[in-house]
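Each remark here refers to the structure printed beneath this line.
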Amino acid sequence: MIPSIDPHIRSGTRYVGRSVPRREDRGPLTGGSRYIADVRIAGMLEVVFVRSTEAHARIASVDTSQARALDGVEAVFTASDLAGVQSFPDHIDSIGPVRQRPLATDRVRYVGAPYAAVVATDRYVAEDAAALVAAGTEYEPLPTVADIQQALAPGAPKLYDDWDDNRSVDVVFHRPEVDRAFEEADHTFTATYLSQRQTGLPIETRGVAADPDGGMLTVWTSTQSPHMVRTTIASMLGVPEPRVRVIHPVIGGGFGVKTHIYPEEIVVPWIARRLGRPARWIEDRMESLLASVHARDQRHDVEVAYDGDGTIRAVRCTSILDLGSGEIFYPGTAPVFATNSCITGAYDLSTVQTRAVAVVTNKTPSGAYRGFGIPESTLVMERVIDQVARLTGTDRAELRRRMLLRPGQTPYVMHSGGRIDSGSHTESFERALEMAEPALRRARARHGGDPDVRVGVGYANFVEPTSPSYFRTTGHWGGGDAATVRVDPDGSVRVAIGLTAFGQGTETAAAQLAAAALGVSPSDVTVVLGDTERTPYGLGSWGSRGAMMVTGSVLLASERLMAKARTIAAHMLEAAETDVMLTDGAFHVAGSSQPSVDWAQVATAAWIRKVDLPDGMEEGLETSGYYHPEHLEHQPDDTGRFNSAASWSNGAHIGIVSVRISTGEVTIEDYIVVHDCGTLINPALVEGQIHGGVAQGIAGAMYEHFRYDSDTAYPRFASFMDYLVPTCAEVPSISVDHFESPAPEQPLGVKGCGEGGTVGPPAVVAGAVSDALSEWGVDLTECPVTPVSVRAAIRSAETAGAGASS
Amino acid sequence: MKPAPFDYCRPSTVTEALEALNSTESSRVLAGGQSLIPAMNFRLTDVSLLVDIGNVAGLDAVACDPGGVTVGAAATQTQVLDHDGAASVVGGLRAALRHVGHLQIRNRGTVCGSLAHCDPLAELPAVALALEAELVLTSVAGERRVPAHDFFVADMTTCIEPGEIVSAVAFKRQDPSERSALLEVSNGGNVFPVGGVALRWASAGGTCAMARIAAFGVGSVAQRLVDAEDALVGTDLGPEAIAASVAAARNAVNPTGDMHADADYRRHLVGVLIERGLLEGEGP
Numbered sequence: 000m001i002p003s004i005d006p007h008i009r010s011g012t013r014y015v016g017r018s019v020p021r022r023e024d025r026g027p028l029t030g031g032s033r034y035i036a037d038v039r040i041a042g043m044l045e046v047v048f049v050r051s052t053e054a055h056a057r058i059a060s061v062d063t064s065q066a067r068a069l070d071g072v073e074a075v076f077t078a079s080d081l082a083g084v085q086s087f088p089d090h091i092d093s094i095g096p097v098r099q100r101p102l103a104t105d106r107v108r109y110v111g112a113p114y115a116a117v118v119a120t121d122r123y124v125a126e127d128a129a130a131l132v133a134a135g136t137e138y139e140p141l142p143t144v145a146d147i148q149q150a151l152a153p154g155a156p157k158l159y160d161d162w163d164d165n166r167s168v169d170v171v172f173h174r175p176e177v178d179r180a181f182e183e184a185d186h187t188f189t190a191t192y193l194s195q196r197q198t199g200l201p202i203e204t205r206g207v208a209a210d211p212d213g214g215m216l217t218v219w220t221s222t223q224s225p226h227m228v229r230t231t232i233a234s235m236l237g238v239p240e241p242r243v244r245v246i247h248p249v250i251g252g253g254f255g256v257k258t259h260i261y262p263e264e265i266v267v268p269w270i271a272r273r274l275g276r277p278a279r280w281i282e283d284r285m286e287s288l289l290a291s292v293h294a295r296d297q298r299h300d301v302e303v304a305y306d307g308d309g310t311i312r313a314v315r316c317t318s319i320l321d322l323g324s325g326e327i328f329y330p331g332t333a334p335v336f337a338t339n340s341c342i343t344g345a346y347d348l349s350t351v352q353t354r355a356v357a358v359v360t361n362k363t364p365s366g367a368y369r370g371f372g373i374p375e376s377t378l379v380m381e382r383v384i385d386q387v388a389r390l391t392g393t394d395r396a397e398l399r400r401r402m403l404l405r406p407g408q409t410p411y412v413m414h415s416g417g418r419i420d421s422g423s424h425t426e427s428f429e430r431a432l433e434m435a436e437p438a439l440r441r442a443r444a445r446h447g448g449d450p451d452v453r454v455g456v457g458y459a460n461f462v463e464p465t466s467p468s469y470f471r472t473t474g475h476w477g478g479g480d481a482a483t484v485r486v487d488p489d490g491s492v493r494v495a496i497g498l499t500a501f502g503q504g505t506e507t508a509a510a511q512l513a514a515a516a517l518g519v520s521p522s523d524v525t526v527v528l529g530d531t532e533r534t535p536y537g538l539g540s541w542g543s544r545g546a547m548m549v550t551g552s553v554l555l556a557s558e559r560l561m562a563k564a565r566t567i568a569a570h571m572l573e574a575a576e577t578d579v580m581l582t583d584g585a586f587h588v589a590g591s592s593q594p595s596v597d598w599a600q601v602a603t604a605a606w607i608r609k610v611d612l613p614d615g616m617e618e619g620l621e622t623s624g625y626y627h628p629e630h631l632e633h634q635p636d637d638t639g640r641f642n643s644a645a646s647w648s649n650g651a652h653i654g655i656v657s658v659r660i661s662t663g664e665v666t667i668e669d670y671i672v673v674h675d676c677g678t679l680i681n682p683a684l685v686e687g688q689i690h691g692g693v694a695q696g697i698a699g700a701m702y703e704h705f706r707y708d709s710d711t712a713y714p715r716f717a718s719f720m721d722y723l724v725p726t727c728a729e730v731p732s733i734s735v736d737h738f739e740s741p742a743p744e745q746p747l748g749v750k751g752c753g754e755g756g757t758v759g760p761p762a763v764v765a766g767a768v769s770d771a772l773s774e775w776g777v778d779l780t781e782c783p784v785t786p787v788s789v790r791a792a793i794r795s796a797e798t799a800g801a802g803a804s805s
Numbered sequence: 000m001k002p003a004p005f006d007y008c009r010p011s012t013v014t015e016a017l018e019a020l021n022s023t024e025s026s027r028v029l030a031g032g033q034s035l036i037p038a039m040n041f042r043l044t045d046v047s048l049l050v051d052i053g054n055v056a057g058l059d060a061v062a063c064d065p066g067g068v069t070v071g072a073a074a075t076q077t078q079v080l081d082h083d084g085a086a087s088v089v090g091g092l093r094a095a096l097r098h099v100g101h102l103q104i105r106n107r108g109t110v111c112g113s114l115a116h117c118d119p120l121a122e123l124p125a126v127a128l129a130l131e132a133e134l135v136l137t138s139v140a141g142e143r144r145v146p147a148h149d150f151f152v153a154d155m156t157t158c159i160e161p162g163e164i165v166s167a168v169a170f171k172r173q174d175p176s177e178r179s180a181l182l183e184v185s186n187g188g189n190v191f192p193v194g195g196v197a198l199r200w201a202s203a204g205g206t207c208a209m210a211r212i213a214a215f216g217v218g219s220v221a222q223r224l225v226d227a228e229d230a231l232v233g234t235d236l237g238p239e240a241i242a243a244s245v246a247a248a249r250n251a252v253n254p255t256g257d258m259h260a261d262a263d264y265r266r267h268l269v270g271v272l273i274e275r276g277l278l279e280g281e282g283p
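So the protein lines, in turn, are chains A and B.
At position 66 of the first sequence the residue is numbered 65 (numbering that gives the first Met the number 0), and the sequence of numbers has no breaks.
At position 165 of the second sequence the residue is numbered 164 (numbering that gives the first Met the number 0), and the sequence of numbers has no breaks.
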């Protein structure tokens, strides 16, 4: 339900909408934060996982005797020791079951798959022992599958013997109106677009510590969703859920990587229980690159029907996601559906037919990464528009203007059933164009005299589904979240939320909202999160849901609390409840500030001085609210359509690049973002999200790429020498402006902004570099755009040109 | 990413260091550790004894005299960069050091360590070639001086004999009329380049009197491009001379392709960077 306290806040708050300083920064900035690797428990053992060095093999035997004999080694466990542990659940019937075991049993399907765990008194000894286990492992290699093409080839080696082939899902809904549009259109073209394999790469790698002391299994883990981890540990280990406590300490980044529930989060608690001693595992960077989920590895085969005037009549798109081995919980299939759902971006184009395919390969399992399929879809749509503009001689910006959703066109139902509730799709693009004009002039002036440099501009207009349903993704959990609000006897407010926080500023926002709802100052509000014993059941933070969920749940709980507080205050003031008002933290009768009772007096009555309470009133001043967004749907209808997100933010990105022709070097001269995430709770937090998101988007556009050997499926990366991560030196200055189109059906009109920054850059950079190289007719269709790929594009255009003219 | 067990010592004299080095088969010298330590943590290198030369008196010296600059084995890249005397004597070295790693790496990494490591993608071996540096190798038998062009043999391989350490590298003073440049291209700001060139040349009365060109990242080891140099000497450094030098350079290198760049790109790049360097080079 929607909290009715909403209008009260809209009209009178001093805190919502202001850049209240973040309360989360002192720890990280001063080195005082306690991360997972800082958790110390007396007698704690160190766990190291032994990981497959084969991409695809049967494990013939594992000899652990030498490792066990090493001084300092307490135990070595293999899959058979964990026979009593349940497998990870396969909740979704429509995708291929992987029956994932916490440790690989007799078969490994990617380099990095854990198949044994060494427990020792320190990490050095544990790694020595792990090396001995590795040396004592005999594999029988199996033929490998290294990419989408190999996975789909007739007679390809199968990763799962009981599957028909390597497809985990293959879903298409036929749209007759698309066929008709293709028949009627003047022209068609086909193209293939590629997004490369990347990862979210939190600075803090994963880690798990577990303490079995006193009948309670306490687990510290660097996760985005501690309640979901608790449910999964309890069910897989067969421990009553109240006996499991999951805590996330301070988290150094998540980006979707830490939404999944990993084998280590089951095995380390199991080890602690088995040995009756605390144990921990800290993922090192090499493991992190191999064993935390990858993402974005998609191919898109696109057919476009268009008219001579540039009108795009219809699009057919087959999106194929490389899942890696698929051995991850929850499964990694959902992003390809998100790609297809959002492929039309912020444009009015409903004649679209999509096919979603996910294939398994002998690579690291892929899963969630900030953007969740939408950087991929945006690359496809924006490149398609540029190509149509080129083929028809239409101005690229003008063609976008014609296609964008216009004011008054919302709510707009997309081809996928997504219901865009509101937005500023045209206005954002127009504003971005305005901001881009002087920047473009500057860049041209700067480089105009250099015959080796060309300047180009690239565009992206997208929608960002926020607060999505988790049901289609996990097959289990839904889409709401919870808050508990309590006023203690001294009048201080405690807000406990099921969300998690790792940089977003959720605690600051929660305090602003509670302060606004209860008429106190944010500094009076203590925010608690990340501990299943201290917070109500929630799904955690992902899917740009934090802002909407914290708003809905905190306001709902506050509304219930206010109702009770008002009754108590009225009783104490001997006034009618309807006459009681709250001003500056004090309850009084309308029209007169005295007499008054403050929050401390009301809360003291509620908790302690039963004599001050109305007759028959229950003691206590604590309420909870579980907010589930209006109009959020969890399952598609029989045509495959559903509104999978509670609201839809939108954004327009424009990038201006210079390209050095001789070397292919690309410099982003200026990057412009106009973003609309509805009502802003705290503008500074939103700006931060956009800047960080764009940086990660640029990482995908120009740098990061996990490569595998195509013959052996062996990873060609082990460190940041091979996986190139941009730093502040490579990220340009970013200009940001906002529109605020409130979500009409959500509390305060708040939407969400966690992912939009990452969505634009691949499309923008590929588009801008292609524009810069337009005299060669270059049309970049994949990322990352690197000096080498730019030179290759110029070279092949020159070769083609020479061939055509001869 | 923890190393296998190894022994460690921290001698205070060169003699003690050499003794320790000779005491066991797979001993290694630890200077800045920017390449060796990661290799040990990845368990790619077998080391039984680390001989840390960070405490050897005098080895961290950066000494300037009228003849040039001598950089001791333990002197960091930052030390040389920040050394005003060294910069004015061998400007080409300072220009090049700005491209090595990033600040944190230069704070630990040593000039001699990078030369001894002989990574084909590293800048400093090519710089040593272009500046005609001399390596000082010390063993219990005494000292020998090896010109840079004899020192670098192949990928990660130099002429250092067992029992020898690089105790210093000597750079000759650059004439004030000389110009030098280091250019490279990488796929990302803080990573190894895919290729680059170190240049040094001098002109008198409009005619090129001397040219030194060394390339890195375009073969298994840093390489002097003598034909490309010869194409410049005696010319006016005009477009034709530069084109001839570029062609000679592309002809002389034998790059391989890898995941970061293909061979064609690298060959092309060498020429582009020589041309740009000759137009942009700065004085010492």
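Glycine included, every Cβ here is placed at the ideal spot set by N, Cα and C.
Taking the continuous alpha helix (DSSP H) assigned at residue 21 of chain B, which residues delimit it? 13–21
Going by DSSP, name the residue or residues bridged to residue 343 of chain A. Looking at the DSSP assignment, residue 343 of chain A forms no beta bridge with any residue, so it has no partner.
Along chain B, which residues have their Cβ under 9 angstroms away from the Cβ of residue 284 of chain A? 0
Assuming residue 332 of chain A contacts residue 322 of chain A (C-beta within less than 8 angstroms), just tell me the rounded distance between them. 7 angstroms
How many Å lie between residue 395 of chain A and residue 577 of chain A at the Cα? 59 angstroms
Along the beta strand (DSSP E) that carries residue 733 of chain A, what are the first and last residues, could you check? 733–738
Anyone know if the C-beta pair for residue 648 of chain A and residue 465 of chain A falls short of 9 angstroms? yes
Just to confirm, is the Cβ distance from residue 86 of chain A to residue 106 of chain A under 9 angstroms? no
Report the three-state DSSP secondary structure of residue 781 of chain A (helix, strand or coil). strand
Any beta-carbon of chain B closer than 9 angstroms to the one on residue 721 of chain A? yes
Scan the region 770–788 of chain A for residues whose Cβ lies nearer than 9 angstroms to a Cβ of chain B and list them as they occur along the chain. 783, 785, 786, 787
Output yes if chain B places a C-beta closer than 9 angstroms to the C-beta of residue 726 of chain A; else output no. yes
Tell me the rounded alpha-carbon separation between residue 269 of chain A and residue 127 of chain A. 22 angstroms
Same chain, Cβ closer than 6 angstroms to residue 31 of chain B, neighbours up to 5 away in sequence not counted: 107, 108, 109, 112
Residue from A/744, A/772, A/427, A/689 whose Cα sits closest to the Cα of residue 732 of chain A: A/689
Contact check, residue 147 of chain A vs residue 373 of chain A, beta carbons under 9 angstroms: no
Could you tell me whether the region 488–504 of chain A touches the region 664–671 of chain A, where touching means 3 or more Cβ pairs closer than 8 angstroms? no
CB contact below 9 angstroms: residue 39 of chain B versus chain A: no
Pairwise C-alpha distance: residue 324 of chain A and residue 139 of chain A: 18 angstroms
CB contact below 9 angstroms: residue 237 of chain B versus chain A: no
So, is the C-beta of residue 7 of chain B closer than 9 angstroms to a C-beta in chain A? no
Is the number of C-beta pairs between the region 359–373 of chain A and the region 748–768 of chain A that are closer than 8 angstroms three or more? yes
Residues in the same chain with beta-carbon distance under 8 angstroms from residue 191 of chain A, minus the five sequence neighbours each way, listed in chain order, please. 298, 299, 300, 301, 780
How about residue 783 of chain A and residue 701 of chain A: are their beta carbons less than 9 angstroms apart? yes
Going by alpha carbons, who is nearest to residue 279 of chain A out of A/605, A/265, A/710, A/420? A/265
Compile a chain-ordered list of the residues in the region 14–26 of chain A whose CB is closer than 9 angstroms to at least one CB of chain B. none
Quick one: using the 10 Å Cβ neighbour count with 16 as the cut-off for buried, is residue 316 of chain A buried or exposed? buried
Using a Cβ distance threshold of 8 angstroms, determine whether the region 699–714 of chain A contacts the region 196–210 of chain A, with at least three qualifying pairs required. yes
Residues, ordered as in the chain, of the region 179–197 of chain B that lie near chain A by beta-carbon distance below 9 angstroms: 184, 185, 186, 187, 188, 189, 190, 191, 193
In terms of residue numbering, what span does the alpha helix (DSSP H) encompassing residue 95 of chain B cover? 90–96
3-residue-minimum beta strand (DSSP E) runs that sit fully inside the region 572–597 of chain A, ordered along the chain: 579–582, 585–588, 595–597
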